[in-house]
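>
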Amino acid sequence: MFESLGLSKTAELVYRAMLSQPALGVAELTAHTGLSAEEIRQALDSLAEMALVRSSWQAPGLLRPTSPQVGLAVLIAQAEAKIAQRQQEIEAARAAIRVLAETHSSHLRRDELIRWEELDGIRVRLEELATSACTECLSFSPGAAHKPDAMAASKPLNQLALERGVSIRAVYQDSFRNDPQTLAYARWFSELGAQTRTVPTVPFQMVIVDREIALLPSDPGDPQTGAIEVHSPGVVAALCVMFEHVWATATPFGTAAQTDVHGLEPQERELLRLLGDGHTDESAARKLGLSVRTIQRMMADLTSRLGAESRFQAGANAIRQGWL
């Protein structure tokens, strides 16, 4: 039980025996514990070094146990001092890493814009940002599901950030609730202390760290083209405002989406808006992260509820009835 304080199991066994019967000598301790005489002597030497036994005042040459409230409290204080010193060393190392990282990347930040073209480079940069985050991490995650390898890679980094006290807020698409793996990941994420919400459509992929650095796709329509890292205070501030606006209208994870006065769920209202803007079933499906068949089923249901016989009439009825 006390191995973390430097007390071996053998020494602890002898110490407990002496506390129960302080007058036991080596021979009696041998019989009482089942240990050999040599093991008893080694344990007594260890206990003496840790000030858990001391010479008797009344019977010189005999050892008596020190009170646990005194002896073990001293060991705990010593262990706490070592932990505090180790923590100071870690904080000093962390500060040195920040200085080294700033020196290493200072030449990249002159224009306050860094382009990342390779997926490996983007992954490494995300790891660096997750490790260096001090206060807050905000993110947009479009699409219906996360790739398993991406989720596996981000898990330990997110967990370490949350354990350091970093606040994490993530916005996903409503459609992610249809993917069991992504749903399980979001549930695990929330249980660790992260806050997760969903909206029908997420503008684009985005990560903001400490409201100082933002990572965005070079082309929101094709994330494979690379990413842009932004350090401009004005641009990052504007992105934070946009995030807060989306966050305020999003549905918290674990709660059902709220319907409006017309009985429309956010996803249904967004589908009507997309089709009203001229999107096809296919492009609306991509925007919402749903299958084309699901879009067609939703639209058929909306058309029926609007009392329409065609999509055109459904759109006109939606405007006339105040659904849009």
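Per UniProt numbering, the sequence shown starts with residue 1, numbered consecutively.
Glycine included, every Cβ here is placed at the ideal spot set by N, Cα and C.
So, for D210: in the same chain, excluding its five sequence neighbours on each side, which residues have a beta-carbon less than 7 Å away from its beta-carbon?
As a position in the sequence shown, residue 210 is number 210, starting the count at 1. Answer for D210: A133, C134, T135 and E136, listed in chain order.
> Which of the three DSSP states is assigned to C137 in this structure?
Taking the sequence shown and counting its residues from 1, one reaches residue 137 at position 137. Three-state DSSP puts C137 in a strand.
> Which of the three DSSP states is assigned to A77 in this structure?
As a working note, residue 77 is residue 77 in the sequence shown. Helix, per DSSP.
> Quick one: grab the DSSP three-state call for A214.
Here residue 214 refers to the residue found at position 214 when the sequence shown is read from its first residue. The three-state reading of DSSP puts A214 in strand, counting E and B together.
> Within 10 angstroms of the Cβ of F312, are there 16 or more other Cβ atoms? Answer buried if so, exposed if not.
Within the sequence shown, residue 312 is the residue found at index 312, counting from 1. Exposed, by the Cβ-count rule.
> Taking Cβ positions, are D179 and Q267 nearer each other than 8 Å?
Your numbering for residue 179 matches position 179 in the sequence shown. Your numbering for residue 267 matches position 267 in the sequence shown. For D179 and Q267, no; Cβs fall outside 8 Å.
> Helix, strand or coil, according to DSSP, for S167 in the structure here?
Residue mapping note: residue 167 aligns to position 167 of the sequence shown, counting from 1. S167: strand per DSSP, three-state reduction.
> Let me confirm a value: A285 is counted as buried when at least 16 other C-beta atoms fall within 10 Å, else exposed. Which label applies?
Translated into the one-based positions of the sequence shown, residue 285 becomes position 285. Label assigned to A285: buried.
> Just grab the DSSP bridge partners of Y172 for me.
On the sequence shown, residue 172 is found 172 positions in, with the first residue counted as 1. DSSP output for Y172 lists S141 and T198 as bridge partner(s).
> Go to R115, then tell me how far its beta strand (DSSP E) extends in each direction, as first and last residue.
Along the sequence shown, read from residue 1 onward, the residue named residue 115 stands at position 115. Per DSSP, R115 belongs to the beta strand (DSSP E) from L113 to W116.
> Does the region 247 to 257 come within contact of the region 275 to 294, defined as at least 3 CB pairs closer than 8 Å?
no
> Do the region 4 to 11 and the region 31 to 46 meet, that is, are 3 or more Cβ pairs less than 8 Å apart?
yes
> Looking at C-alpha atoms only, which residue of A314, R297 and I295 is the closest neighbour of T303?
Counted from its first residue, the sequence shown places residue 303 at position 303. Residue A314 is the option with its Cα nearest to T303.
> Skipping 5 residues on each side, what residues in its chain have a beta carbon closer than 7 Å to that of L272?
Numbered from its first residue, the sequence shown carries residue 272 at position 272. For L272, where only same-chain residues beyond five positions count, the Cβ hits under 7 Å are L302, A318, W323 and L324.
> Measure the Cβ-Cβ separation of L75 and L5 and say whether it is below 8 Å.
As a first step, residue 75 must be located in the sequence shown, where it is residue number 75. As a first step, residue 5 must be located in the sequence shown, where it is residue number 5. The answer is yes: Cβ separation under 8 Å.
> If we ignore side chains and look at the alpha-carbon of each, how far apart do L44 and R54 end up?
Within the sequence shown, numbered from 1, the residue matching residue 44 stands at position 44. Within the sequence shown, numbered from 1, the residue matching residue 54 stands at position 54. L44 and R54: Cα-Cα distance of roughly 10 Å.
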